[in-house]
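Comments concern the structure below.
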Amino acid sequence: MVQQQRSCSGATSQAYNPAVNRFANGSQWKAICANDFSSVTSAVVTLTVISDTIAPVPVSARGSDSFTNATIVFNEPGWSCECHDSGQLSITNSTGVPLALFGVLLRDNTNVVLHTAPQTHGERYTIVINNVTDRRRYSESSCANTTVSFHGWVFSPGFALMETYNTGGAPPSRC
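Quick note: to get this note's numbering, add 8 to the position in the sequence shown (first position is 1).
In structure tokens:
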């Protein structure tokens, strides 16, 4: 593969999946296939990159049986957890009393775990997210004054808790 008259390293098989970004939009590409006896050159094509400019948004949140964690679930990957130190996350109970936030853990691409002060059994909490940057950097900032609510864990006799763990992925990254 040749991009704008430069050879692309690694383009030596039947398929080539280059890592392109939004700035590659409009770039010209052609393939030159060769062996010891001959070569052939494809027609030039123009690459069109369609950027996802809509930042991830929270779709739900839930408390945990530890009473010190809350998980925010986002609709797509891309959320950056570089927000705890700058105060871009806040949690309050139903009367507006703040709940201390001690840490943020990006569990996987769409789940963010907040480590909090002890939560009250059954209490409704609201998480306010402000100006968290989309780590893909395709959009300005996301979640301006966005809220998502959850309830503190409730023990209920007669019900069972089922927890599943995805053990095939990468370890979570701490923020």
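The C-beta atom is built at its ideal place from N, Cα and C for all residues, glycine as well.
None of the values given here were measured: they were computed from a predicted structure.
- Residue 158 sits away from residue 63, with the two beta carbons spaced by 8 Å or more.
- Here residue 24 is exposed. Its C-beta has fewer than 16 other C-beta atoms within 10 Å.
- DSSP places residue 108 outside both helix and strand once states are collapsed to three, so it counts as coil.
- For residue 76, the closest alpha carbon among the candidates 48, 27, 127 is that of 127.
- Judged by their CB atoms, residue 155 and residue 134 are nearer to each other than the 8 Å cut-off.
- The closest CA to that of residue 111, considering only 101, 119, 123, is found on 123.
- According to the DSSP assignment, residue 52 belongs to no beta strand (DSSP E), since it is labelled neither H nor E.
- Per DSSP, residue 78 is one residue of the beta strand (DSSP E) stretching across 77-82.
- Counting the other CB atoms within 10 Å of its CB gives residue 53 a total below 16, which places it among the exposed residues.
- Residue 63 sits in coil when the DSSP states are folded into three classes, being neither helix nor strand.
- Proximity to residue 22 across 65, 28, 42, 36 peaks at 42, based on C-alpha coordinates.
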